[in-house]
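The structure appears right after this line, and notes come after that.
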Amino acid sequence: MNEPCALLELCDINLVRGGRHLLQQVDLKLGRGEILTVIGPNGAGKTTLLRVGLGLLPPTSGRVYRHPGVTIGYMPQRLHIDPTFPLTVKRFLAMADVKRSGKVLPMLEEVGAAHVLQSPLFSISGGELQRVLLARALMREPDLLVLDEPVQGVDVHGQLDLYKLITRIRNERGCAVLMVSHDLHLVMAATDRVLCLNRHICCSGTPEIVTNHPAYLELFGPLAVQHLAVYSHNVNHRHDTHSDRSGGADVG
Amino acid sequence: MLDDFLLRALLGGLGVALVAGPFGSFVVWRRLAYFGDTLAHSALLGIALGFLLHLNLTLGIIVVCQLLAILLFFGQRQRQLASDTLLGIFSHGALSLGLVALAFMEHIRVDLTAYLFGDILSIGLADLGWIFGGGGLALAGLLWLWKPLLAITIHEDLARVDGVPVDRINWAFLGLIALTVAVMMKVVGLLLVTSLLIIPAATARRFAGNPEVMALLASLIGCFAVAVGLYGSFTWDTPAGPSIVVAACGLFLLSLLLPKRLIPGSF
Chain A
27 MNEPCALLEL CDINLVRGGR HLLQQVDLKL GRGEILTVIG PNGAGKTTLL RVGLGLLPPT
87 SGRVYRHPGV TIGYMPQRLH IDPTFPLTVK RFLAMADVKR SGKVLPMLEE VGAAHVLQSP
147 LFSISGGELQ RVLLARALMR EPDLLVLDEP VQGVDVHGQL DLYKLITRIR NERGCAVLMV
207 SHDLHLVMAA TDRVLCLNRH ICCSGTPEIV TNHPAYLELF GPLAVQHLAV YSHNVNHRHD
267 THSDRSGGAD VG
Chain B
11 MLDDFLLRAL LGGLGVALVA GPFGSFVVWR RLAYFGDTLA HSALLGIALG FLLHLNLTLG
71 IIVVCQLLAI LLFFGQRQRQ LASDTLLGIF SHGALSLGLV ALAFMEHIRV DLTAYLFGDI
131 LSIGLADLGW IFGGGGLALA GLLWLWKPLL AITIHEDLAR VDGVPVDRIN WAFLGLIALT
191 VAVMMKVVGL LLVTSLLIIP AATARRFAGN PEVMALLASL IGCFAVAVGL YGSFTWDTPA
251 GPSIVVAACG LFLLSLLLPK RLIPGSF
């Protein structure tokens with residue numbers, strides 16, 4: 027993963043709103059094919075950081091660098107479609123990129139949601155919506171996927187599936203992934219690096235480094251300890267997935 | 011027999027209903043009903059301005075609606091007041107200010123009812139020109155912005171990340187809707203403008219499987235309501251603007267009676 031040229035780089039980002047420091051001296055660097063997960067408690071500024079990285083929110087100070095010509099697939103945290111808006115999943119995806127509208131069905135199949143193709147967007151379940159949003163993000167064949175809480179509203183089993191799917195997408199497409207999660211347990215097996223945020227960066231590095239870091243243990247307390255058990259449990263059970271992933275990473 | 015004034019009324023009403031369909035659909039999708047009301051309520055101020063500056067009254071209304079749209083655009087960027095509170099202030103403030111301003115013009119006696127509920131039977135050729143010229147312009151603009159507007163309606167940030175110039179499109183949309191509201195004034199009056207925007211669109215929703223069909227159906231349903239309303243008004247000597255709205259409401263209720271499974275391609 028020694029990519030010399032970053033796809034996305036944030037340097038010394040500060041964001042002040044209404045006298046409150048929402049982000050303080052945050053640095054972030056993401057190379058091609060890399061999965062970086064931002065974790066942190068509620069109100070830690072995770073989504074804010076994503077929005078700064080996407081250029082949706084100008085920072086008070088600091089530098090945002092996006093590699094020229096980089097295509098971004100964004101998956102927002104929520105999508106509220108008014109029931110009066112007659113929009114099928116098919117149309118929703120086709121609108122993302124008219125030139126690739128023939129890819130709608132294959133894309134839905136890839137995320138395992140082909141059965142909702144003709145359904146109205148407002149009527150599908152939370153888990154299906156997450157998959158459809160992921161398919162939407164993939165429609166433009168992005169170099170960088172930005173996912174804001176991609177597994178929110180999904181049951182534990184579905185969460186595991188979604189994380190596996192995200193890892194597979196990275197392995198097959200070689201796109202970088204920047205995601206936000208407030209889940210500590212499952213995401214660790216699906217990410218290369220973790221950035222632990224609480225308005226400033228508490229610690230960052232590989233999951234192994236972060237989960238043993240005093241700042242992490244302090245921030246999440248008992249949750250973190252509980253997590254350690256789950257994590258090692260996961261590693262044992264996901265051994266195949268794991269070796270699969272490193273194989274894919276070499277290629278990408 | 012069809013009299014000339016009745017023919018002009020019908021033409022004006024149909025023109026307005028055609029424009030109102032697609033705009034009304036966006037008003038429904040984006041929950042802008044109250045916003046449309048606020049724009050319409052400012053029309054009296056436009057009429058006062060028209061009298062004051064010896065402008066064409068429709069032009070006065072257009073100018074004031076545009077100015078209010080700009081004010082609202084900035085107003086909604088602040089986070090101190092909820093947007094419905096802000097709209098309430100602007101809406102009733104503008105309406106009252108318009109009434110007070112007209113009262114100050116002692117040499118002018120206006121028929122307030124005509125402005126509040128429309129005066130479709132007095133539509134002249136110049137009015138038809140405004141309706142078809144202004145309305146046609148608004149409709150052409152909306153078609154031009156159609157795709158990016160749909161994208162923004164779904165999710166603003168998603169559209170932004172995809173490279174849609176969201177702020178510019180929203181600006182243009184507000185300008186177009188202000189123009190539409192101004193043009194509709196003559197037919198249904200400032201108190202009923204929003205109803206002709208949202209009722210046909212809400213009726214069309216049950217029969218539509220995609221946004222384009224809904225917009226088109228809303229136009230047709232609006233046209234039908236205009237025709238029925240005018241006929242009723244002529245037959246029973248009832249006020250035309252309200253009769254049109256009553257007809258639209260009747261169509262809406264009728265559409266609810268139709269079982270969903272009998273409507274192909276809708277959801």
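Note that the protein sequences, when read in sequence, are chains A and B. Start counting the first sequence at 27; every next residue gets the next number (my numbering). Start counting the second sequence at 11; every next residue gets the next number (my numbering). Ideal Cβ placement from N, Cα and C applies to all residues, glycine included. Here the structure is a predicted model, which means the values were calculated and not measured.
ask   = Listing by chain order, which chain B residues have their CB less than 8 Å from the CB of residue 189 of chain A?
value = Position 163 of the first sequence, counting from 1, holds the residue named residue 189 of chain A. Neighbours of residue 189 of chain A on chain B: none; closest Cβ ~22 Å, over 8 Å.
task = Less than 8 Å between the CB atoms is what I'm expecting for residue 207 of chain A and residue 65 of chain A, so what's the real figure, rounded?
result = Against the first sequence, residue 207 of chain A aligns to sequence position 181. Against the first sequence, residue 65 of chain A aligns to sequence position 39. Right, their Cβ atoms sit about 6 Å apart.
query = Under the DSSP definition of a beta bridge, which residues are partnered with residue 73 of chain A?
reply = Indexing the first sequence from 1 puts residue 73 of chain A at position 47. Paired residues: none, contrary to the question.
ask   = Which word fits residue 100 of chain A, buried or exposed, when buried means at least 16 other C-beta atoms lie within 10 angstroms of its C-beta?
value = For the purposes of this step, residue 100 of chain A is identified with residue 74 of the first sequence, where counting begins at 1. Buried, since its Cβ has 16 or more Cβ neighbours within 10 Å.
key: For residue 144 of chain A, the three-state DSSP class (helix, strand or coil)   = Walking along the first sequence from the start, residue 144 of chain A turns up at place 118. Looking at residue 144 of chain A - three-state DSSP - the assignment turns out to be coil, as it is neither helix nor strand.
ask   = So what's residue 13 of chain B in DSSP terms, helix, strand or just coil?
value = The residue you call residue 13 of chain B lines up with position 3 of the second sequence. Correct three-state label for residue 13 of chain B: coil.
request  = Find the residues of chain B that neighbour residue 108 of chain A, judging by a C-beta separation of less than 9 Å, and give them in chain order.
outcome  = Locating residue 108 of chain A in the first sequence gives position 82, counting from the first residue. Per Cβ cutoff of 9 Å: 38, 39, 40, 41 and 163.
Chain-ordered residues of the stretch 72-93 of chain A with a beta carbon less than 9 Å from chain B = 77, 80, 81 and 82
Beta-carbon gap between residue 169 of chain A and residue 97 of chain A smaller than 8 Å = Here residue 169 of chain A corresponds to residue number 143 of the first sequence, with the count starting at 1. Here residue 97 of chain A corresponds to residue number 71 of the first sequence, with the count starting at 1. A contact, by the Cβ cut-off of 8 Å.
inquiry  = Counting only Cβ-Cβ distances shorter than 9 Å, please list the residues of the stretch 167-186 of chain A near chain B, keeping chain order.
reply    = 172
request  = In the DSSP assignment, find the unbroken beta strand (DSSP E) run with residue 64 of chain A in it and report its ends.
outcome  = Within the first sequence, residue 64 of chain A is the residue found at index 38, counting from 1. That run of the beta strand (DSSP E) goes 61-65.
ask   = Just to confirm, are residue 51 of chain B and residue 200 of chain B a CB contact at a threshold of 8 Å?
value = Position 41 of the second sequence, counting from 1, holds the residue named residue 51 of chain B. Position 190 of the second sequence, counting from 1, holds the residue named residue 200 of chain B. A contact, by the Cβ cut-off of 8 Å.
query = For residue 45 of chain B, does the count of other Cβ atoms within 10 angstroms reach 16, so buried, or fall short, so exposed?
reply = Reading the second sequence from its first residue, position 35 is the one you call residue 45 of chain B. With 16 or more other Cβ atoms inside 10 Å of its own Cβ, residue 45 of chain B counts as buried.
key: residue 129 of chain A: first and last residue of the uninterrupted alpha helix (DSSP H) it sits in   = Taking the first sequence and counting its residues from 1, one reaches residue 129 of chain A at position 103. Per DSSP, residue 129 of chain A belongs to no alpha helix (DSSP H) and is neither H nor E.
ask   = Mind checking whether residue 79 of chain B and residue 115 of chain B have CB atoms under 8 Å apart?
value = Taking the first residue of the second sequence as position 1, residue 79 of chain B is located at position 69. Taking the first residue of the second sequence as position 1, residue 115 of chain B is located at position 105. Going by C-beta atoms, residue 79 of chain B is not nearer than 8 Å to residue 115 of chain B.
query = Thinking C-beta only, is residue 32 of chain B closer than 8 Å to residue 225 of chain B?
reply = Position 215 of the second sequence, counted from the first residue, corresponds to residue 225 of chain B. Position 22 of the second sequence, counted from the first residue, corresponds to residue 32 of chain B. Cβ distance < 8 Å, so residue 225 of chain B and residue 32 of chain B count as in contact.
ask   = Less than 8 Å separating the beta-carbons of residue 116 of chain A and residue 144 of chain A?
value = Counted from its first residue, the first sequence places residue 116 of chain A at position 90. Counted from its first residue, the first sequence places residue 144 of chain A at position 118. Taking 8 Å as the Cβ cut-off, residue 116 of chain A and residue 144 of chain A qualify as a contacting pair.
message = List, in chain order, every chain A residue whose beta-carbon is nearer than 8 Å to that of residue 219 of chain B.
response = Within the second sequence, the letter at position 209 stands for residue 219 of chain B. 112 and 114, listed in chain order.
query = Looking at the C-beta of residue 168 of chain B, does it have a partner C-beta in chain A at a distance below 8 Å?
reply = To locate residue 168 of chain B, count along the second sequence from 1; it is residue 158. Closer than 8 Å to some Cβ of chain A, the Cβ of residue 168 of chain B qualifies, so yes.
task = Have a look at residue 219 of chain B and residue 262 of chain B and give me their C-alpha separation to the nearest angstrom.
result = The sequence position of residue 219 of chain B within the second sequence is 209, counting from 1. The sequence position of residue 262 of chain B within the second sequence is 252, counting from 1. Straight-line Cα distance between these residues: approximately 18 Å.
Euclidean distance between Cα positions of residue 246 of chain A and residue 83 of chain A = Translated into the one-based positions of the first sequence, residue 246 of chain A becomes position 220. Translated into the one-based positions of the first sequence, residue 83 of chain A becomes position 57. Looking at the two C-alpha atoms, the distance is approximately 28 Å.
message = For residue 118 of chain A, count the other beta carbons within 10 Å of its own beta carbon; 16 or more makes it buried, fewer makes it exposed. Which is it?
response = The residue given as residue 118 of chain A occupies position 92 in the first sequence. When all chains shown are included, residue 118 of chain A counts as buried.
task = Would you mind working out which of A:52, A:33, A:34 and A:180 sits nearest residue 42 of chain A, comparing C-alpha positions?
result = Within the first sequence, residue 42 of chain A is the residue found at index 16, counting from 1. Considering only alpha carbons, the answer is A:52.
Test item: CB-CB of residue 231 of chain B and residue 204 of chain B under 8 Å = Start at 1 with the first residue of the second sequence, and residue 231 of chain B comes out as number 221. Start at 1 with the first residue of the second sequence, and residue 204 of chain B comes out as number 194. No.
message = Within 8 Å of any Cβ in chain A, is that where the Cβ of residue 112 of chain B sits?
response = Translated into positions along the second sequence, residue 112 of chain B becomes position 102. By this cut-off, residue 112 of chain B is not an interface position.
inquiry  = By the three-class DSSP mapping on this structure, what secondary structure does residue 180 of chain B have?
reply    = Your numbering for residue 180 of chain B matches position 170 in the second sequence. Collapsing the DSSP output to three states places residue 180 of chain B in a helix.
Simplified DSSP assignment, three categories, for residue 150 of chain A = The count along the first sequence starts at 1 and reaches residue 150 of chain A at position 124. Correct three-state label for residue 150 of chain A: coil.
query = With distances taken from CA atoms, which of B:174, B:19 and B:108 is nearest residue 136 of chain B?
reply = As a first step, residue 136 of chain B is located in the second sequence; it is residue number 126 there, counting from the start. Among B:174, B:19 and B:108, the Cα nearest to that of residue 136 of chain B is on B:19.
request  = Using a cut-off of 7 Å between C-beta atoms, extract the partners of residue 98 of chain A located in chain B.
outcome  = Counted from its first residue, the first sequence places residue 98 of chain A at position 72. Neighbours of residue 98 of chain A on chain B, chain order: 171.
ask   = Can you find a C-beta in chain B that's less than 8 Å from the C-beta of residue 118 of chain A?
value = Taking the first residue of the first sequence as position 1, residue 118 of chain A is located at position 92. For residue 118 of chain A, the answer is yes, since a Cβ of chain B falls inside 8 Å of its Cβ.
query = To which residues of the same chain is residue 218 of chain A closer than 6 Å at the C-beta, ignoring the five residues directly before and after it?
reply = Position 192 of the first sequence, counted from the first residue, corresponds to residue 218 of chain A. 60 and 61, listed in sequence order.
query = Does residue 121 of chain A get closer than 8 Å to chain B when you measure Cβ to Cβ?
reply = For the purposes of this step, residue 121 of chain A is taken as the residue at position 95 of the first sequence. Interface residue, yes.
task = Below 7 Å CB to CB, which residues in the same chain sit around residue 166 of chain A once its five sequence neighbours on both sides are set aside?
result = In the first sequence, residue 166 of chain A corresponds to position 140, counting from 1. Only 97, 99, 122 and 123 meet the Cβ criterion.
ask   = Ordered along the chain, which non-local residues of its own chain (more than five positions away) have a Cβ less than 6 Å from that of residue 147 of chain A?
value = The residue given as residue 147 of chain A occupies position 121 in the first sequence. Only 107, 113, 115 and 118 meet the Cβ criterion.
task = With DSSP as the reference, label residue 180 of chain A as helix, strand or coil.
result = Here residue 180 of chain A is taken as the residue at index 154 of the first sequence, counted from 1. For residue 180 of chain A, the secondary structure class from DSSP, reduced to helix, strand or coil, is coil.
request  = Helix, strand or coil for residue 327 of chain B, going by three-state DSSP, please let me know.
outcome  = Any answer about residue 327 of chain B is impossible in this case: the structure gives chain B only from 11 up to 277.
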